[in-house]
Structures are given as C-alpha cells and as structure tokens.
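Read through the structure below, which is laid out as structure tokens, and then see the notes.
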Amino acid sequence: MHSRVQLPFGRSVKRFMPRGLLGRTLLIMLVPLIVVQAIALQLFYGNHLSIVSRRLSDAIAGEIAYTVELLHQTHSPADREWVLEMAREEFLLGIRLEPGAVLERRKQANILGPMDDDLAAALRQKFNVPFTMDWTSDPTLVLIRLQLPDGVLDVQAPRKRLAIGTLFLFVGWVVGSALLLFGIAALFMRNQVRAIRRLARSAEAFGMGRDVPMIRPEGASEVRQAATAFNRMQDRIRRFLAQRTEMLAGVSHDLRTPLTRLRLALAMLPRTDELRQDVTEMTADVEEMDRMIGGYLAFARGEGIEQAEPVNLSSILDDVAAGARRAGTVLDLDVPADLTLKLRGDAVRRAITNLVDNARRHARHVALGAVAQGRSVLVTVDDDGPGIPADKRESVFRPFESGSSGGTGLGLTIARDIVRAHGGEIVLEDSPMGGLRARIRLPV
Ligand SMILES: Nc1ncnc2c1ncn2[C@@H]1O[C@H](COP(=O)(O)OP(=O)(O)OP(=O)(O)O)[C@@H](O)[C@H]1O
Ligand SMILES: [Mg+2]
0 MHSRVQLPFG RSVKRFMPRG LLGRTLLIML VPLIVVQAIA LQLFYGNHLS
50 IVSRRLSDAI AGEIAYTVEL LHQTHSPADR EWVLEMAREE FLLGIRLEPG
100 AVLERRKQAN ILGPMDDDLA AALRQKFNVP FTMDWTSDPT LVLIRLQLPD
150 GVLDVQAPRK RLAIGTLFLF VGWVVGSALL LFGIAALFMR NQVRAIRRLA
200 RSAEAFGMGR DVPMIRPEGA SEVRQAATAF NRMQDRIRRF LAQRTEMLAG
250 VSHDLRTPLT RLRLALAMLP RTDELRQDVT EMTADVEEMD RMIGGYLAFA
300 RGEGIEQAEP VNLSSILDDV AAGARRAGTV LDLDVPADLT LKLRGDAVRR
350 AITNLVDNAR RHARHVALGA VAQGRSVLVT VDDDGPGIPA DKRESVFRPF
400 ESGSSGGTGL GLTIARDIVR AHGGEIVLED SPMGGLRARI RLPV
C-alpha cells in the first residue's frame with residue numbers, strides 16, 4: 000500500500016497540468032520566472048512609476064496655477080497677453096484665455112494608465128474651479144479647460160510631458176525574456192524527452208519479445224544511465240534465455256542415451272511368465288519418459304532462433320483449425336480475415352495448437368475465435384468438455400502436470416511461455432460452451 004498526500008485542490012490543478020515531461024519542465028521554469036518578474040515590476044517599478052507620474056502631473060498643474068496667479072495680478076490686456084506668451088515659451092504649453100466664455104461640461108473618456116487620474120488629482124488640488132480634460136481628440140496633446148472668474152483658460156499640454164514610456168518597455172522585457180527562455184528550454188528539453196521516449200519504446204518492444212537493437216545512449220547523464228542499464232538488462236535476459244534453452248536441450252539430449260540403452264535392454268529381456276507383466280509396465284514408463292524428453296527437446300529447439308516479424312495470425316488460426324478438422328474434430332472458427340501482428344509465427348502456432356489439442360482431447364465440440372480489441376488481439380479456444388475447476392487453473396500450467404489425460408503435461412507450460420515471451424498473457428476461464436475457455440491476449 001502506498002498513500003500520497005492529496006492537496007485539497009490537487010485534482011483540479013492536475014487537470015490543467017501538462018502531462019508530458021517537456022510541458023512540465025517548461026512550466027516549472029516559466030511560472031517562477033513570470034511570478035518573480037511580476038513582483039519585481041509591482042514592487043520597484045510600480046511604486047516608482049506612480050511617483051514619477053504624479054510628479055509630472057504636479058509640474059503641469061503647478062505651471063498652470065502659476066500662470067493663472069499672474070493673470071490675476073495683471074489687468075491690462077497687453078500685460079495679460081505677455082503673461083500668456085511667457086507661459087507658452089517657458090512651459091511649452093499652448094495656452095489661451097477665452098474672456099467671458101463658460102465651460103461646457105462634457106463626458107470625459109478614460110484612458111489606459113494612471114496619467115489622466117494623476118493629472119485630474121493634481122488639478123483638483125491646485126484649483127478649486129471646474130475643469131475638463133480631453134485625452135482623446137489629439138494623440139499628442141491633452142486639452143485642459145479651466146473655468147476662471149472672467150472666462151475659460153484653454154491649455155494644450157504636450158502629452159510627452161506626462162507619459163512614462165518605459166512602462167511598456169518593462170512589460171515587453173518581462174514577456175520577451177519569458178518567451179526567449181521558453182524557446183531555448185523547449186529546444187534543449189526536446190532532445191532529452193526524445194531520448195526518454197525512445198527508451199520507453201524499446202523497453203515496450205523488448206517486453207513483447209521483439210528484437211530491439213542496442214540503444215545509443217544520448218542526452219543528459221541520467222537518461223544515458225537509463226539507456227545503458229536497459230542495454231545491459233536486455234543483454235543479460237538474452238543470455239539467460241539462451242542459456243536456459245541450451246541447458247534444457249543438453250539435459251534432454253543426454254538423458255535420451257541411457258534411456259535408449261534401457262529400452263534396448265528391456266527389449267532383450269526374456270519374456271518369461273513372471274517377468275512379462277513387469278517388462279510391459281517398465282517399457283510403458285520408459286516410453287513415457289522418452290515422450291516427455293522429446294517434448295522438452297522440441298520446445299528447446301524451437302526457441303531462440305525465430306525472430307518476430309509481421310505475421311498473418313488469421314491464416315495461422317485457419318491452419319490450426321483445418322488440422323483439427325482433418326483429425327475429425329467438430330470445430331467452429333470465428334476469425335477476422337486479416338489480423339497481422341508482429342509475432343514469432345511458429346511459436347504462436349505451437350501455443351495455439353497445444354490449446355486446441357487439449358480441447359480436442361477433453362471435449363467433442365471446439366470453437367476457435369479471434370478478435371482485435373484496442374491495442375491487443377484476443378484469441379479464445381472454447382470447448383464443451385468437463386473444464387478445469389477454478390482452484391486447479393493455475394497448477395495445470397506447471398510442467399508435467401498432466402492429470403489423467405495421458406499427455407506429457409507440457410502443453411500449457413509451453414503455451415504460456417510463448418505467449419508471455421510476446422508480452423501477452425494466457426488465462427483459463429469458464430467457457431460459454433460449458434467447458435474450458437483458454438484466452439490469449441497478444442499485444443499489437
Ligand atoms: N480443455 C481442457 N479441458 C479439461 N482439462 C484440461 C483442458 N486442457 C488442459 N486440461 C488439463 O490440464 C492438464 C495440463 O494440460 P497440458 O496441455 O499442460 O498437458 P497435457 O495435455 O496433459 O500434455 P501435453 O499437452 O504435453 O501432451 C491436462 O492434463 C488436463 O488435465
Ligand atoms: Mg496438452
């Protein structure tokens with residue numbers, strides 16, 4: 000049992016998490032980067048910017064206030080014109096007085112950024128009179144109109160004096176650096192991920208008993224390590240299999256020689272009345288031993304050399320069915336026309352033949368079927384015989400477990416060995432026909 004700590008939001012967060020290594024790595028790098036940049040922007044730049052923006056607004060409001068104050072002090076039109084002229088030159092403000100005019104109220108459109116609010120606050124602070132601002136009619140100017148006691152003061156302030164362009168520069172920097180990092184990381188991670196994917200594919204194929212070439216280690220050192228370990232494991236398993244087969248063949252072969260001698264000696268024994276019975280029994284035993292050894296030898300010989308290649312499973316099943324029918328069995332066949340899989344054809348034929356032979360031995364009516372299902376192919380062998388009780392369905396797979404059938408007891412052992420070497424599985428179940436169902440699943 001293993002338990003994992005579940006965060007309360009774990010499930011919903013997980014749904015939005017990228018599933019692949021590439022996506023996750025990029026996320027791990029980018030999220031902190033963006034958060035840090037955003038905090039930096041807010042803490043340092045945000046404060047700084049709002050101060051600067053307020054100062055700029057204060058400056059313009061102050062200059063206008065100064066001009067208005069001078070206008071209050073002067074009364075002759077020539078002096079007033081002089082004041083306005085000075086304001087235009089020194090403050091770079093387009094400034095005009097419209098004597099007797101009344102300020103018309105207009106709805107004021109807001110613009111992006113703090114500029115307009117800051118300027119409005121500064122004007123309110125300096126003047127206790129109604130005013131309007133127009134930020135939208137001219138892209139380079141702000142049009143401010145103030146109600147003075149004797150008319151309207153029209154001010155055109157260059158927007159440049161208020162704008163803080165570096166804000167966009169900084170946002171651009173944040174986004175740009177994130178994109179750049181994303182690109183570089185994606186480029187490098189892709190190679191690592193590719194190496195891991197190839198390792199996974201090779202392991203999968205090897206598990207299905209296919210011949211996979213050694214993987215060339217590449218990528219980060221951990222990935223290389225995994226690839227090297229996989230290569231070594233593959234090598235060890237191959238050697239182990241070869242060794243096992245060799246030993247099996249050797250033992251079986253060596254046992255045959257003394258067995259043959261024994262059989263010859265038995266044949267030479269005089270068949271006296273008191274010996275006849277014993278000799279017949281001993282001969283039967285020797286025959287059985289010979290059959291068992293023959294089975295092992297055939298099994299051992301068949302293994303090892305054959306390579307997996309695309310094979311038409313349907314035609315293998317057709318052949319097996321035809322063979323059983325020739326031998327006089329009633330057999331139903333239900334197989335799609337073309338099931339092509341990467342298999343060791345002879346081995347799979349032997350496995351299925353073993354199952355069909357069992358069914359024929361124990362039953363009168365046999366059914367052989369196959370169906371493609373997702374990423375596997377299911378092959379079923381059904382019969383209407385006595386079946387095998389559920390608690391014996393595992394033990395019959397053991398070698399030489401032949402019950403009273405008179406067989407060697409290797410049929411199911413060999414069948415399971417072959418199917419497992421293809422990365423598949425074989426199970427025994429109740430058949431809808433009443434007897435036993437052997438079900439083979441082979442990965443595609
Ligand atoms: N279709 C079946 N119905 C009932 N019992 C079965 C069936 N198939 C197998 N068995 C039982 O399982 C045992 C093991 O089967 P297995 O094929 O391994 O050996 P065998 O048939 O006895 O010998 P071999 O196949 O090597 O000639 C059989 O002896 C039999 O008792
Ligand atoms: Mg059998």
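Numbering that gives the first Met the number 0 numbers the first residue of the sequence shown as 0 and each following residue consecutively.
Think of the CB as a built atom: it goes at the ideal place given N, C-alpha and C, for glycine as much as any other residue.
With Tyr295 and Leu247 assumed to form a contact (beta carbons below 8 Å), what rounded beta-carbon distance in angstroms separates them? For the purposes of this step, residue 295 is taken as the residue at position 296 of the sequence shown. For the purposes of this step, residue 247 is taken as the residue at position 248 of the sequence shown. Right, their Cβ atoms sit about 6 Å apart.
Three or more C-beta pairs below 8 Å linking the segment 365-383 and the segment 251-268: no
Within the chosen definition, does the segment 396-405 reach the segment 307-326 through at least 3 CB pairs nearer than 8 Å? Touching, no.
Cα separation between Gly45 and Ile33? By 1-based counting over the sequence shown, the position of residue 45 is 46. By 1-based counting over the sequence shown, the position of residue 33 is 34. One C-alpha to the other measures close to 16 Å.
Given that a residue counts as buried once 16 or more other Cβ atoms are within 10 Å of its Cβ, and exposed if not, what is Asp381? Walking along the sequence shown from the start, residue 381 turns up at place 382. By the 16-neighbour rule on beta-carbons within 10 angstroms, Asp381 is buried.
I'd like the span of the alpha helix (DSSP H) that includes Asp429, first residue to last. As a first step, residue 429 must be located in the sequence shown, where it is residue number 430. Counted as a single uninterrupted DSSP element, the stretch harbouring Asp429 is not any alpha helix (DSSP H) but the beta strand (DSSP E) occupying residues 424-429.
Taking the alpha carbon of Leu447 as the point to measure from, which residue in His421, Glu393, Gly423 has its own alpha carbon closest? There is simply no residue 447 to check, as the chain begins at 0 and stops at 443 in what is shown.
Have a look at Gly150 and Leu161 and give me their C-alpha separation to the nearest angstrom. Position 151 of the sequence shown, counted from the first residue, corresponds to residue 150. Position 162 of the sequence shown, counted from the first residue, corresponds to residue 161. Straight through space, the alpha carbons of Leu161 and Gly150 are spaced by roughly 26 Å.
Cβ shell of Gln146 (< 6 Å), same chain only, five flanking positions each side left out: Against the sequence shown, residue 146 aligns to sequence position 147. For Gln146, where only same-chain residues beyond five positions count, the Cβ hits under 6 Å are Leu102, Val128, Pro129.
Closer than 8 Å: Asp382 CB and nearest ligand 1 heavy atom: Translated into positions along the sequence shown, residue 382 becomes position 383. For Asp382, the CB falls within less than 8 Å of some heavy atom of ligand 1.
By the three-class DSSP mapping on this structure, what secondary structure does Ile351 have? For this step, residue 351 is matched to residue 352 along the sequence shown. DSSP places Ile351 in helix when its eight states are reduced to three.
Take the Cβ of Glu286 as the centre, count every other Cβ of all protein chains shown within 10 Å, and call the residue buried at 16 or more, exposed below. Within the sequence shown, residue 286 is the residue found at index 287, counting from 1. Classification of Glu286: exposed, given that the 10 Å Cβ count is below 16.
Could you give the distance in angstroms between the alpha-carbon of Asp318 and the alpha-carbon of Thr379? The residue you call residue 318 lines up with position 319 of the sequence shown. The residue you call residue 379 lines up with position 380 of the sequence shown. Taking the straight line joining both Cα atoms gives about 15 Å.
What does the Cβ neighbour count give for Lys159, buried or exposed, with the cut at 16 atoms within 10 Å? On the sequence shown, position 160 is the one that residue 159 refers to. Exposed, by the Cβ-count rule.
Report back the beta-carbon spacing between Glu305 and Arg343 to the nearest angstrom; my notes put them in contact at under 8 Å. Counted from its first residue, the sequence shown places residue 305 at position 306. Counted from its first residue, the sequence shown places residue 343 at position 344. Sure, about 4 Å apart at Cβ, within 8 Å.
With a Cβ-Cβ cutoff of 9 Å, do Leu435 and Gly384 count as a contact? Taking the first residue of the sequence shown as position 1, residue 435 is located at position 436. Taking the first residue of the sequence shown as position 1, residue 384 is located at position 385. The answer is yes: Cβ separation under 9 Å.
Using the Cα positions of Leu240 and Asp234, report the straight-line distance between them to the nearest angstrom. Position 241 of the sequence shown, counted from the start, is the residue given in the question as residue 240. Position 235 of the sequence shown, counted from the start, is the residue given in the question as residue 234. One Cα belongs to Leu240, the other to Asp234, and the distance between them is close to 10 Å.
Using the three-state DSSP reduction, which class does Ser176 fall into: helix, strand or coil? Stepping through the sequence shown from its first residue, residue 176 is reached at position 177. Reduced to three states, the DSSP call for Ser176 is helix.
Give the secondary structure of Val334 by DSSP, where H, G and I count as helix, E and B as strand, and everything else as coil. One-based indexing of the sequence shown puts residue 334 at position 335. In the structure shown, Val334 sits in coil (DSSP, three-state: anything other than H, G, I, E or B).
So Glu103 is in the alpha helix (DSSP H); what residue range does that whole segment cover? Taking the sequence shown and counting its residues from 1, the one referred to as residue 103 is at position 104. Here Glu103 belongs to no alpha helix (DSSP H), and DSSP marks it neither H nor E.
Report the rounded CA-to-CA distance for Arg95 versus Thr135, giving the unit in angstroms. As a working mapping, residue 95 is identified with position 96 in the sequence shown. As a working mapping, residue 135 is identified with position 136 in the sequence shown. Computed Cα separation, rounded: 20 Å.
Which word fits Val329, buried or exposed, when buried means at least 16 other C-beta atoms lie within 10 angstroms of its C-beta? Against the sequence shown, residue 329 aligns to sequence position 330. Exposed, since its Cβ has fewer than 16 Cβ neighbours within 10 Å.
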